[in-house]
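*Asks:*
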Amino acid sequence: MTLLITGACGYIGSHTAMAFLKNTDCKVVVVDNLVTGFIDNYKTLRELFGSRVTFVESNFDAANDVFSTYDIDCVIHFAASISVEESVKSPLKYYMNNTAATSMLLDMCVRHGVKKFIFSSTAAVYGEPQDVPVKEDSPLLPINPYGNSKKMIEEILKDVSKAHDFNYVALRYFNVASAYSGNNYNNIALGQRTKNATHLIKVACECAVGKREGMSIYGDSYATKDGTCIRDYIHVDDLADAHITAFNMLNDNKGVNAAYNAGYGHGFSVKQVIDCVKKVSHTDFKVDIAPPRAGDPAVLIADNSKLKSMGWKARHDDLEQIILGAYLWEKYLLVQDTKVTL
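Residue numbers for the sequence shown follow the numbering used here, beginning at 975 and rising by one.
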């Protein structure tokens, strides 16, 4: 089988491509415009898997040629704009890059007879859930254009699946972190390369390696044990495996045309995460308290029982392991940045 993976030069997309190439016989066509993706991720995959992986630098407006050239069996769609803060400032960008662009991609799938689709959704579709752990049938009440753009796509997927011979699985990601567990930092190096990242674990690890002087905790008076927000952190390799589970579901026609939470079902506070980064890295760094951010729920944890019932199993559900992988990745990036500077 041949997979088309959009955004596979990005963080989660590259790890998912790695998982499929390593654990299945599938061929992978990588489509990425490299606006936020990194060609080095494709080069790593190409070196390891040769002609089983192909790269096409393209936007969606040129993707028709990909469907005409390759016999695509399934599309895994990562390409999107993903910053909550930016979405509030530039909502039209998110409705164009996410909702409208995905509609175009779905139209191509239908016209070219591609019947299987895996969608990269988000826990942001829930907004500020009243009940945790949050279940898939909880109300979808996004509070920002990013979450709303993803919710709209989920609704479009439902309509397309009813109107055409087309099945999908949507995975609602919780807080993704760490780096590929198989990295040797020689010819294999996959992780989050995003510049100016806002993800807690990445920011804290950047502090630990000296890239940042310090960081902020946004609010310390939430109704939690230590007053800081609690989140469900999932290792990127386990999230990649969830896409293989979704692919198997599509092939077996079981549990399709539905959304699934991708998280561990338990969480850690911001303070716990920062303390763990300091412990793992044997470093200390400045942490100050800033005002809470609007729309940050006190607790956001997945009920993952639905995904587990489909055969998914976590392999890296350990905060120290997650943080160690993220920390080693940041040390690697620091060396690479030094080489470029020299």
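Even glycine gets a Cβ: it sits at the ideal position worked out from N, Cα and C.
Which runs of the alpha helix (DSSP H) at least 4 residues long sit entirely within the region 1058-1097? Give them in chain order.
*Replies:* Those alpha helix (DSSP H) runs which fall completely within the region 1058-1097 and span 4+ residues are 1058-1063, 1065-1068 and 1075-1085.
*Asks:* Taking the alpha-carbon positions, what's the glycine 1024 to leucine 1008 distance?
*Replies:* Answer to the nearest angstrom: the Cα atoms are 20 Å apart.
*Asks:* Within the continuous alpha helix (DSSP H) that includes serine 1255, where are the two ends?
*Replies:* Where serine 1255 is concerned, the enclosing alpha helix (DSSP H) stretches over 1244-1255.
*Asks:* Output the distance between the C-alpha atoms of tyrosine 1207 and glycine 1239, rounded to the nearest integer angstrom.
*Replies:* Cα to Cα, the separation comes out at about 9 Å.
*Asks:* Mark histidine 1370 as exposed unless 16 or more other C-beta atoms lie within 10 angstroms of its C-beta, in which case mark it buried.
*Replies:* Lying before the first or after the last residue shown, residue 1370 is absent from the chain, which here runs from 975 to 1316.
*Asks:* To the nearest angstrom, report how far apart alanine 1171 and leucine 1115 are at their CA atoms.
*Replies:* So the alpha carbons of these two residues sit roughly 25 Å apart.
*Asks:* Do you know how far the Cα of tyrosine 1044 is from the Cα of asparagine 1158?
*Replies:* Using only the alpha carbons, I get a separation of about 32 Å.
*Asks:* Please confirm whether tyrosine 1234 and valine 1106 have their CB atoms less than 8 Å apart.
*Replies:* Not closer than 8 Å, so no.
*Asks:* Are the beta-carbon atoms belonging to histidine 1086 and histidine 1209 less than 8 Å from one another?
*Replies:* Going by C-beta atoms, histidine 1086 is not nearer than 8 Å to histidine 1209.
*Asks:* From alanine 1236 to leucine 1308, what does the alpha carbon distance come to, in whole angstroms?
*Replies:* Near 30 Å, if we compare the C-alpha coordinates of leucine 1308 and alanine 1236.
*Asks:* What are the partner residues of alanine 1276, as DSSP defines its beta bridges?
*Replies:* Its beta-bridge partners are Val1108.
*Asks:* Which residue spans inside the region 1118-1173 form an unbroken beta strand (DSSP E) run of at least 3?
*Replies:* With a minimum length of 3 residues, the continuous beta strand (DSSP E) runs that stay inside the region 1118-1173 are 1141-1147 and 1149-1151.
*Asks:* Mapping the DSSP letters down to three states, classify serine 1042 as helix, strand or coil.
*Replies:* Of the three classes helix, strand and coil, the one that applies to serine 1042 here is helix, per DSSP.
*Asks:* If I'm right that proline 1065 touches proline 1113 with Cβ under 8 Å, what's the distance once you round it to whole angstroms?
*Replies:* So it is not a contact: roughly 21 Å between Cβ atoms.
*Asks:* Count the other CB atoms within 10 Å of the CB of histidine 1051; is the residue buried (16 or more) or exposed (fewer)?
*Replies:* Buried, by the Cβ-count rule.
*Asks:* Suppose the cutoff is 6 Å on Cβ atoms and the five residues either side in sequence are ignored; what does the same chain contact list for alanine 1122 look like?
*Replies:* Contrary to the premise, residue 1122 reads as asparagine rather than alanine in this sequence. So the list reads Pro1116, once near-sequence residues are dropped.
*Asks:* If you draw a straight line from the alpha carbon of lysine 1185 to that of histidine 1173, how long is it in whole angstroms?
*Replies:* Roughly 15 Å between the two C-alpha positions.
*Asks:* Is there contact here, the region 1191-1206 with the region 1261-1278, by at least three beta-carbon pairs under 8 Å?
*Replies:* Yes, they touch.
*Asks:* Considering only their Cβ atoms, is the gap separating alanine 1214 from methionine 992 smaller than 8 Å?
*Replies:* It is a contact, given that the beta carbons lie within the stated cut-off.
*Asks:* Excluding the five sequence neighbours on either side, which residues of its own chain have a C-beta within less than 7 Å of the C-beta of lysine 1067, listed in chain order?
*Replies:* Around lysine 1067: Ser1055.
*Asks:* In angstroms with no decimal places, state the Cα-to-Cα distance between serine 1152 and arginine 1167.
*Replies:* Using only the alpha carbons, I get a separation of about 11 Å.
*Asks:* So lysine 1103 packs on tyrosine 1192, CB below 8 Å; how close in whole Å?
*Replies:* Reading off the sequence shown, one finds proline at residue 1103, where the question assumed lysine. Actually they do not touch by this definition, with Cβ atoms about 19 Å apart.
*Asks:* With burial defined as no fewer than 16 other Cβ atoms inside 10 Å of the residue's Cβ, what is the status of alanine 1268: buried or exposed?
*Replies:* Exposed.
*Asks:* What whole-angstrom Cβ distance do threonine 1219 and methionine 1284 have, given they're in contact under 8 Å?
*Replies:* With a Cβ gap of about 6 Å, threonine 1219 and methionine 1284 count as contacting.
*Asks:* Buried or exposed: where does glutamate 1304 fall if 16 or more other Cβ atoms within 10 Å of its Cβ makes it buried?
*Replies:* Buried, since its Cβ has 16 or more Cβ neighbours within 10 Å.
*Asks:* Roughly how many angstroms separate the alpha carbons of cysteine 983 and alanine 1272, rounded to a whole number?
*Replies:* The straight-line gap from Cα to Cα measures roughly 33 Å.
*Asks:* Using three-state DSSP, classify glycine 1237 as helix, strand or coil.
*Replies:* In the structure shown, glycine 1237 sits in coil (DSSP, three-state: anything other than H, G, I, E or B).
*Asks:* What does DSSP give as the partner residues of isoleucine 1296 in its beta bridges?
*Replies:* Paired residue(s): none; isoleucine 1296 is not in a bridge.
*Asks:* Shortest alpha-carbon distance to alanine 1053 belongs to which of Glu1060, Thr1073, Lys1063 and Asn1038?
*Replies:* Alanine 1053 has its Cα closest to that of Thr1073, out of Glu1060, Thr1073, Lys1063 and Asn1038.
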